[in-house]
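Reading through the structure tokens given below for one structure.
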Amino acid sequence: MFYVIGGIIVILLFLSLRIVKEYDRGVIFFLGKATGVRGPGLIILIPIFETMTKVTLRTITMAIPSQKIITKDNVSIDIAAVAYYHIVDPMKSVVSVENVHDAVNQISQTTVRNVVGQFMLDQLLSQTAAINAQIKDVIDTHTEPWGAQVTAVEIKDITLPENMQRAMAKEAEAERERRAKIVAAEGEFQAAMKLGEAADLIAAHPVALQLRTLQTMSEISTEKNSTIIFPAQFMTTVEEAFKTLRADSSKSA
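According to numbering that gives the first Met the number 0, the sequence shown is numbered sequentially starting from 0.
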């Protein structure tokens, strides 16, 4: 009889001991009534009368499934997102909602659909950070009574209809062509400016044009198997160039 009683005591003692890790908390119920939160460390429960439900305080990564959404400008898109949240009030997360993870998941899907539907496609693509913040704030408002806090929401994938993808590709190609034409036009403009400056310089010094003509002829003559046809006024140009050079030399002397 002594051994039986001793065995029962050992079993009850074993059943009364719980170990709660650093990142967990234990919500204690006494005869079905929530009495408090304990942990971390060794927890001793009153056998039969007390029970404990563990709750993790670590950040939970939750995938928000892809869903079809109509934007404000009536474009049908598929959006997938991810949310990060953690429990800040273990008591509320157990007592206020049946399954806090499912509840956060469902409200996240609904919020993504409602918020994204308020924006046009261009805004959705260019203002992702602001939209993420708005979605996070709305979800956080709903999850506060459940003892959960949303730390971030990120839209991770946006799938457009094929016709919209083709249209955007054409638009991007047109934009690249436009920029290329602008660059080419700027290059031609700069070249024209330089030619204008050169023309003004030559007009101020006629001998420069004559010397440039002689230089060009000299360069042509160095080419192999070249047939050079001199224009009729070439000899006159040569004579004028030499006269100008002699005159400049006389003035220098």
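Beta carbons: idealized from backbone N, C-alpha and C, even for Gly.
Are the beta-carbon atoms of V115 and I68 separated by less than 8 angstroms?
Yes, Cβ-Cβ distance for V115 and I68 is below 8 angstroms.
Just list the residues that DSSP pairs I45 with in beta bridges.
In the DSSP output, where bridge partners are listed per residue, I45 has none listed.
Contact check, V87 vs G146 under 8 angstroms by CB: the rounded distance?
About 6 angstroms; that satisfies the 8 angstroms criterion.
Just how far apart, CA to CA, sit T70 and K155?
Cα to Cα, the separation comes out at about 17 angstroms.
Report the partner residues of F29 according to the DSSP bridge assignment.
According to DSSP, F29 bridges with K32, E49.
Taking 8 angstroms as the threshold (C-beta atoms), are P144 and K91 in contact?
Their beta carbons are under 8 angstroms apart, which means K91 touches P144 by this criterion.
Counting pairs of beta carbons, one from the stretch 32-43 and one from the stretch 107-124, are three or more of them closer than 8 angstroms?
Cβ pair count under 8 angstroms is below three, so no.
Residue ranges of each alpha helix (DSSP H) run of no fewer than 4 residues wholly in the stretch 114-199, ordered along the chain?
Listed in chain order, they are 120-125, 127-142.
If I follow the unbroken beta strand (DSSP E) through M0, where does it start and stop?
Neither: M0 is in no beta strand (DSSP E) and is coded neither H nor E.
In angstroms, rounded to a whole number, what distance separates the CA positions of A183 and T109?
Looking at the two C-alpha atoms, the distance is approximately 50 angstroms.
Have a look at S15 and V3 and give me their C-alpha separation to the nearest angstrom.
For S15 and V3, the distance between alpha carbons rounds to 18 angstroms.
Let me confirm a value: K20 is counted as buried when at least 16 other C-beta atoms fall within 10 Å, else exposed. Which label applies?
Its Cβ having fewer than 16 others within 10 Å, K20 is exposed.
Going by DSSP, name the residue or residues bridged to M90.
Beta-bridge pairing links M90 to no other residue.
Using only CA atoms, which one of L194, E196, D199, V93 lies nearest to T142?
Comparing Cα positions, the closest option is V93.
Please confirm whether P89 and V26 have their CB atoms less than 8 angstroms apart.
In contact: P89 and V26 (Cβ atoms closer than 8 angstroms).
Would the beta-carbon of I78 fall within 8 angstroms of that of V111?
In this structure, V111 lies closer than 8 angstroms to I78 by Cβ.
Can you have a look at A191 and say buried or exposed, based on whether 16 or more other CB atoms are within 10 angstroms of its CB?
It is exposed - the Cβ of A191 has fewer than 16 other Cβ atoms within 10 Å.
Which residues does DSSP pair with T60 in a beta bridge?
DSSP lists Y83 as partners of T60.
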